[in-house]
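Notes to accompany the following structure.
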Amino acid sequence: MTLGYLVRRLLAVILVLFVVTFAVFAITMILPGNAAVMILGEYGTDEAVAALESRLGLNRPWYIQYLDWIGGILRGDLGQSLRLSLPVADVVGDAFWNSASLAVTALVSVTVIAIPLGVLAAIKRGTVADLIIGMFSYIGASMPEFVTATLLLIFLAGPALGLFPAGGFVSVGESLGGFSSHVVLPAATLGLILTAHISRQVRSEMSEVLSSDYIRAARLKGLRERRVIRRHALPNSLAPAVAVISLDIGYLLGGIIVVEEIFAWPGLGRLLIYALENRDLPVIQAITLVLATVYALSNLLSDIVIAILDPRVRYA
Amino acid sequence: MAGDNSQGGGVDTPVLNVSGYSLSYATPSGPIHALTNIDLRVAHGQTHGLVGESGSGKSSLAWAILRYLPENAIENDGRLLLSGESLRDRTLPQILEIRGRRISMVFQDPSTSLNPAMRLGEQLSEVLIRHRGLTSQEALEESEAALARTGIAKPKDMLRRYPHEASGGEKQRVVIATAFACDPELIVFDEPTTALDIITAQQILELFNQLQDETSISALYISHDLGLVSRVADVVSVISAGEIVESGTCAEVFRTPKDDYTKALLGAVPNPKHWLGVAEPPPETPALMSAKGITVEYGRQSLLGQLLAPKPTHLGAQEVSIEVRKGELVGLVGESGSGKSTMGKVLSGLQDFDGTVRFGDRNFARLTEIDRAYRRAVQIVFQHPDASLNPRQRVREILSRPLKLYGIVPPEQRAERIATLLEQVRLPREFADRLPHQLSGGEKQRVAIARAFAAEPELVICDEITASLDVSVQASVAELLVSLQRQTGTACLFITHDLNLVRQLAHRICVMQNGKLMDAFHRDDAERPDRNPYTRALLKAVPPPASQAA
């Protein structure tokens, strides 16, 4: 991988983000009703709405508003929240770290659980272990988050066991124990589908690799099975799994919106729903932009990891 | 080392002794017999050639010796002895001590048998670490020496490379060095040159003979290619349908074959001295197709692609000119990547090009100018009939397509014409009702040939049409093509890598390398000393079969 390649990829990311800002802005413009109407609610006379619109700058032409916004972003200023009267950067920043702690916990546990499960299923192909892992995967993959979440809440947070709190949030800084007990259920909800998905992917890659000529060659060199699996088979089956994980991050970013709402987790998802209900355009735009940036960068990161795992992949 | 090698038996004990060995595979529809009552011995320092066509069971025998059998394998009777010790009653941990140390293997295709994600050095040195207990540093030094013995110029540099950074020949040298690394008693070579280019294959063969002289290794050399085996083996066994039909020294088997199957196999080996082709058209015959200055550029990118990830383009063909006269058969020869198939695609109207193709009295300067009349007059037969015949269409449908498309015969005569076509390619007319998977490889290729001739073409392009077929089938397909040419007067461009075969068929031969036309000559001039050096190298790499040479 060359530096030139990285620079080009970063430029491509910036181009994508620029297109995203435009799309986001266009959608928020088309949405019926604006912040002024929402803030004033049933007391909004036409004059009051017009006055508030002019104070918030909502009566300017769309391209001025867009350029104003883009100019702000480039200066590092995301504007003021229309509803919360706070800088958008502060509101979104806090929510971002809360979401990130949930998403990273989910993703790390998924990776740590799913890859060994997939490898095990491939090695024990056709046995009871493979069957159980396969069944778990199908069940996991076919349940939407709200069902998983409800089941987890009933069984693990319900009055019978009450192992975990039913919702709420404690930050890592406040109390690691508090964070851990609060994060288990939302992370499990987010992770179940992904675990199922990734373990199946690893299983199929691993099975294919295990039937390849070079694995046969390794076995015919008299190598012990442990080395055949760890050194010969695993690196070759992980690269495609990493590609899937990076695609799953897109799914994770969508899932987080539902899960945060169910578990009252004060992250980007909850904030986005709040902002949408209140037509808080700067907040909606900022969150969408943050999500798009995370997705684009994680894809870039996965390409880099794949290039490290598979020496044939050389980006020039 | 000699002391190690003779463990479990004296010098007279064969390194490998297979006796009365039978093997079958359990399938839902009953057992399939793969090997029946096999007797085979490899003496010390001997190379034993095992020759058979696909499905003959030669690979099954290799897997049985290496104890690498699938779960559904049923071993019936017989013994497998390595230096007098039975292999059959070894446990898996014991077998793992034997594999790589006492028996090793060289595989057919080095591009798939080496791990793409590991450096070559690690793949070579891991057997030394495993079996000789060396540290990784010692193993790497030993690997370097082992690689140097296989004729790699900069072994240290090679050890650091990944497989995709080495050529096919270099990779196979690494595989061979790995097989020799622990000084095993027996090495099984499974078609070690089949996946390589002509000249590379010749070099690997020379390396084998050189290592054989230096180390006096015992080898079981498995191949479908009789001519090749005659150049490496001391003793040959011919295997057919799971049974060894003939066994003896190389000279005996090749000069005085006893078994009918062996005779047929020997007869099918292409020999340039044995002319099969049609009579040459008279010199004044005008050109039917004449391609001038054909250039093909691969990898042209869109504007956005160039911006985001510019890649260099690559010339598939560079200013190539080829001419075929009416009724003539022109051979187009080259190694993989030489551009010979690119030319086949251009001339059959599948690939855009620069330059001009003149056909009859019409000129074509790019792909979009190639019209229906041209496509009818120029037909192509591909290498893999499995891929070129639609698996869901019956033979009848496959053959009726060109008849319908070009309106060759009125609809009511189609059935009759299909029957005639099948008879022309020597298939029973009942085959019209069959699906491709109900046919053998040779039969499928006959259907593909019949489809090309159904359009009543003036030129047929044959792109490696015999390459995926067994030797005996190859010969009959080549002979069929010639008889069709004789009946119809169709001209033919025969693309192949097999020089001996093409010299039996072609009036003129063109040689391509790296997209360029290197040489073009009349068949009588093939062995002239002033031939192009590349042509000479190719000819030298494939000497005519031993029986005639001896």
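Taken in sequence, the protein lines are chains U and L.
Note that this note's numbering gives residue 135 to position 131 of the first sequence, counting from 1, and the numbers run on in steps of one.
Note that this note's numbering gives residue 1362 to position 433 of the second sequence, counting from 1, and the numbers run on in steps of one.
Each residue gets a CB set at the ideal place from its N, CA and C atoms; glycine is no exception.
A quick note: this is a predicted structure, and the numbers were derived from the prediction, not measured.
Exercise for the section: Compare the C-beta of P943(L) against all C-beta atoms of chain U and say whether one is closer than 8 Å. Expected result: no
Exercise for the section: Could you say which of G172(U), L15(U) and L198(U) lies nearest to V187(U) if we only look at CA atoms? Expected result: G172(U)
Practice task
Step through the CB atoms of chain U and report whether any lies within less than 8 Å of the CB of P1045(L).
Solution key: yes
Problem - Residue span of the beta strand (DSSP E) that contains I31(U), given as start and end - result: Counting along the chain, I31(U) falls outside any beta strand (DSSP E), though it belongs to the alpha helix (DSSP H) covering L7 to I34.
Exercise for the section: Taking only runs that begin and end inside the region 1291–1349 of chain L, name each unbroken beta strand (DSSP E) of 3 or more residues, in chain order. Expected result: 1291–1293 and 1307–1310
Handout entry: Buried/exposed call for R1380(L), threshold 16 Cβ in 10 Å
Key = buried
Exercise for the section: Could you tell me which of A1095(L), E1055(L), L1157(L) and P1092(L) sits nearest to D1119(L), measuring between CA atoms? Expected result: L1157(L)
Handout entry: K1445(L), DSSP secondary structure in three states
Key = strand
Practice task
Over the uninterrupted alpha helix (DSSP H) stretch that includes N1044(L), give me the two end residues.
Solution key: Note, N1044(L): premise wrong, no alpha helix (DSSP H); not H, not E.
Practice task
Buried or exposed for E1114(L), please, with buried defined as at least 16 other CB atoms from any protein chain shown within 10 angstroms of its CB.
Solution key: buried
Practice task
Below 9 Å between beta carbons is the criterion; list the residues of the region 1045–1066 of chain L that meet it against any residue of chain U, in chain order.
Solution key: P1045, A1046, M1047, R1048, E1051, Q1052, E1055, V1056, R1059 and H1060
Problem - Contact check, V206(U) vs V123(U), beta carbons under 8 Å - result: yes
Exercise for the section: With 9 Å as the limit, tell me which residues of the region 199–233 of chain U have their beta carbon closer than that to any beta carbon of chain L; keep them in chain order. Expected result: S216, D217, Y218, I219, R220, A221, A222, R223, L224, K225, G226, L227, R228, E229 and R231
Exercise for the section: Give the DSSP-derived three-state secondary structure of D1392(L) in the structure shown. Expected result: strand
Exercise for the section: Enumerate in chain order the residues of its own chain whose CB-to-CB distance from L1057(L) is below 8 Å, with the five nearest sequence positions on each side excluded. Expected result: L1063, E1067, A1068, E1071, S1072, A1110 and C1111
Exercise for the section: Rank S1405(L), V1103(L) and T956(L) by C-alpha distance to the C-alpha of L1136(L) and give the top, closest one. Expected result: V1103(L)
Handout entry: Closest Cα partner of S1267(L) within the set D1290(L), T1297(L), A1306(L) and V1225(L)
Key = V1225(L)
Handout entry: the region 987–1006 of chain L / the region 946–956 of chain L touching (three or more Cβ pairs under 8 Å)
Key = yes
Handout entry: D1188(L) versus L964(L) - alpha carbon distance
Key = 18 Å
Problem - V263(U) classed as buried or exposed, judged by whether at least 16 other C-beta atoms fall within 10 angstroms - result: buried
Practice task
For the region 101–187 of chain U, list the alpha helix (DSSP H) runs that are entirely contained and at least 4 residues long, ordered along the chain.
Solution key: 132–146 and 149–156
Exercise for the section: Please name the residue, chosen from E1252(L), R1254(L) and R1229(L), that lies closest to T1242(L) on a Cα-to-Cα basis. Expected result: R1229(L)
Exercise for the section: Could you confirm whether any beta carbon from chain U is found closer than 8 Å to the beta carbon of A1478(L)? Expected result: Low confidence applies to A1478(L): its pLDDT is 39, below 50, so where it sits in the model is not reliable, and the reading given next is rough at best. For A1478(L), the answer is no, since every Cβ of chain U falls outside 8 Å of its Cβ.
Practice task
With a threshold of 16 other CB atoms inside 10 Å of the CB of I34(U), please say whether the residue is buried or exposed.
Solution key: exposed
Exercise for the section: Please classify Y950(L): is it buried, with 16 or more other beta-carbons within 10 angstroms of its beta-carbon, or exposed? Expected result: buried
Practice task
Kindly list, in the order they appear in chain L, the residues whose Cβ is closer than 8 Å to that of N240(U).
Solution key: N1044, P1045 and A1046
Problem - Neighbourhood of L304(U) by C-beta distance below 7 Å, restricted to the same chain and skipping five residues each side - result: R13 and V17
Practice task
Within the region 975–1017 of chain L, note down every full beta strand (DSSP E) run reaching 3 residues or more, in order along the chain.
Solution key: 976–980, 1002–1004 and 1008–1011
Problem - Any chain U beta carbon closer than 8 Å to M1272(L) - result: no
Practice task
Count the other CB atoms, across all protein chains shown, that sit within 10 Å of the CB of I312(U); report buried if there are 16 or more and exposed otherwise.
Solution key: exposed
Exercise for the section: Could you work out which residues of chain U lie near E1014(L), taking near to mean beta carbons separated by less than 8 Å? Expected result: Within 8 Å Cβ-Cβ: nothing; E1014(L) doesn't reach chain U, min ~16 Å.
Problem - Within chain U, the residues that F1036(L) reaches when beta carbons sit closer than 7 Å - result: D217 and A221
Exercise for the section: Let me know if W1204(L) comes out buried or exposed under the rule of 16 or more other beta-carbons within 10 Å of its beta-carbon. Expected result: exposed
Practice task
Count the CB pairs spanning the region 191–199 of chain U and the region 1015–1027 of chain L that are closer than 8 Å, and state whether there are at least three.
Solution key: no
Exercise for the section: Please report how far the alpha carbon of I31(U) lies from the alpha carbon of I68(U), in whole angstroms. Expected result: 16 Å
Problem - Minimum C-alpha distance to L1155(L) - residue among A1344(L), G978(L) and K1240(L) - result: G978(L)
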